[in-house]
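S.K.: Under the numbering used here, the residue at position 80 of the sequence shown is numbered 80, and the numbers go up by one with no gaps. We put the CB at the ideal spot given by N, CA and C, even for glycine.
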Amino acid sequence: SLRQMAQQMNVAVSTVSRALAGDRGVGAKRAGEIRRLARSLGYRPRPLRRKRADAIALLIATPKPGVADDIFQQMVISQVERCASAQGRHVHVEFTSREESAAAPAVLAENRVDGVVLTGHPSADLCWRLRDSETPVVVIEDHVERTGCSSVMTDFGPGVAEAIGRLGDLGHERIGLVISRREYPSIARRYHAYVETLRAIGIAADPEWVIENVEPTVAGGRTAVQLYLERRDPPTAILFGNDWMALGGLNELLRRGYHVPRDISLVGHDNISICEELSPALTSVDGRVAELVGEAMELLEQQIAGESGEPVQRNVEGYLVWRESCGENRKVLNGSA
Numbered sequence: 001s002l003r004q005m006a007q008q009m010n011v012a013v014s015t016v017s018r019a020l021a022g023d024r025g026v027g028a029k030r031a032g033e034i035r036r037l038a039r040s041l042g043y044r045p046r047p048l049r050r051k052r053a054d055a056i057a058l059l060i061a062t063p064k065p066g067v068a069d070d071i072f073q074q075m076v077i078s079q080v081e082r083c084a085s086a087q088g089r090h091v092h093v094e095f096t097s098r099e100e101s102a103a104a105p106a107v108l109a110e111n112r113v114d115g116v117v118l119t120g121h122p123s124a125d126l127c128w129r130l131r132d133s134e135t136p137v138v139v140i141e142d143h144v145e146r147t148g149c150s151s152v153m154t155d156f157g158p159g160v161a162e163a164i165g166r167l168g169d170l171g172h173e174r175i176g177l178v179i180s181r182r183e184y185p186s187i188a189r190r191y192h193a194y195v196e197t198l199r200a201i202g203i204a205a206d207p208e209w210v211i212e213n214v215e216p217t218v219a220g221g222r223t224a225v226q227l228y229l230e231r232r233d234p235p236t237a238i239l240f241g242n243d244w245m246a247l248g249g250l251n252e253l254l255r256r257g258y259h260v261p262r263d264i265s266l267v268g269h270d271n272i273s274i275c276e277e278l279s280p281a282l283t284s285v286d287g288r289v290a291e292l293v294g295e296a297m298e299l300l301e302q303q304i305a306g307e308s309g310e311p312v313q314r315n316v317e318g319y320l321v322w323r324e325s326c327g328e329n330r331k332v333l334n335g336s337a
């Protein structure tokens, strides 16, 4: 970046910028040294444009190239395209690896976009490289401390707290949690809200109630329920990291002859449209994806316009949508638990 070269040459950032732009105000010897350093580092300056590209890139980090691994990512794509259209911009959707060595796509290297939205837990290295390149960038569902970039996250805490509180009021004391990986900031928030809310209502969270590192898919939810049912005292209510996992859990319970919610209550996350169509309809914590993406696009627009300063963190509060998949713990009510 310009800043790194300036530090290495012990000059001001503006001096590096002017040297690379061919400004005669920088001495020929010093300008030559700066240009040689830039070439050795593979630095490619963003060209000055009279006209913007009127396009942004949406980079989605995934474990498998070219495949969105979560319904949430598909929702983000839809909302980013909607917001960009309203701003008169096109969207280049690109998939990238979560590995630290992930390279920036050509659409960035060739300066064909005005800014970048990142999601899917991209590598911190990629985030910092984009920031150092002075590219306008915002990260969705992440922390500014990790990414070094302006970031927007959903606070699922209030929705999780309400779900557990209401389940507790209905007699549930063994409440399970099925999640993917706690290294993902949004998943970590749900886990901490789960543990803290159980503690607040006087229930000590049993590690056996939490199943982690589950694929965020229907198959992942099905497998988690199979593991629960192998135990002597399975949970009487289960929170899933997303609605597809909850759907897999529901299918497995119904296949084995269980009734939802009479035998086990279920809660999902994301509140996708299918939740209302299931039988029973699925209780879910809505992450306000439209508002989440809207906040991200607003921050990106400010950067593109040159109005922003230091990276900021914004949060969007999720909320619970209560439906028929949750009910009383009848074993407690009947005195048999």
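Name the DSSP beta bridge partners of T119, please?
M.R.: T119 is bridged to I60.
S.K.: Run through DSSP, which three-state label would R323 get?
M.R.: coil
S.K.: Is it buried or exposed for S150, if we count other Cβ within 10 angstroms and need 16 for buried?
M.R.: buried
S.K.: Could you tell me the distance, in whole angstroms, from the CA atom of H192 to the CA atom of A205?
M.R.: Rounded to the nearest angstrom, the gap between the Cα atoms of H192 and A205 is 11 angstroms.
S.K.: Going by Cα to Cα distance, which pick from V16, S78 and N251 is closest to A31?
M.R.: V16
S.K.: Which residues does DSSP list as the beta-bridge partners of N329?
M.R.: Note: N329 sits in no beta bridge, so no partner.
S.K.: Looking at the strands, I want to know which residues DSSP matches up with I264.
M.R.: I264 is not bridged to any residue.
S.K.: Specify, as a first and last residue, the run of the beta strand (DSSP E) that Q313 falls within.
M.R.: Q313 to E317
S.K.: Considering only their Cβ atoms, is the gap separating E141 from P387 smaller than 8 angstroms?
M.R.: Coverage of the chain is limited to positions 1 through 337, which leaves residue 387 absent and any answer about it impossible.
S.K.: Does the beta carbon of E277 sit closer than 8 angstroms to a beta carbon anywhere in chain C?
M.R.: The structure shown contains no chain C, having only a single protein chain.
S.K.: I need the DSSP call for T223, collapsed to helix, strand or coil.
M.R.: helix
S.K.: Whole alpha helix (DSSP H) runs in the region 237-292 with 4 or more residues, listed along the chain?
M.R.: 243-255
S.K.: Smallest Cα separation from T119: which of M75, N329 and G27?
M.R.: M75
S.K.: Taking the CB atoms as reference points, tell me whether R174 and W128 lie closer together than 8 angstroms.
M.R.: no
S.K.: Starting from L177, follow the beta strand (DSSP E) in both directions and report where the run begins and ends.
M.R.: The continuous beta strand (DSSP E) containing L177 extends over residues I175 to V178.
S.K.: Measure the CB-CB distance between N329 and G171 and report whether it falls below 8 angstroms.
M.R.: Inclusion of N329 and G171 in the CB contact set at 8 angstroms is warranted, their separation being smaller than that value.
S.K.: Here's the rule I'm using: 16 or more other beta-carbon atoms within 10 Å means buried, otherwise exposed. How should Y319 be labelled?
M.R.: Burial is judged here by how many other beta carbons sit within 10 angstroms of a residue's own beta carbon; Y319 has fewer than 16 and is exposed.
S.K.: From this set, E317, G306, M9 and K331, which residue's C-alpha is nearest P136's C-alpha?
M.R.: G306
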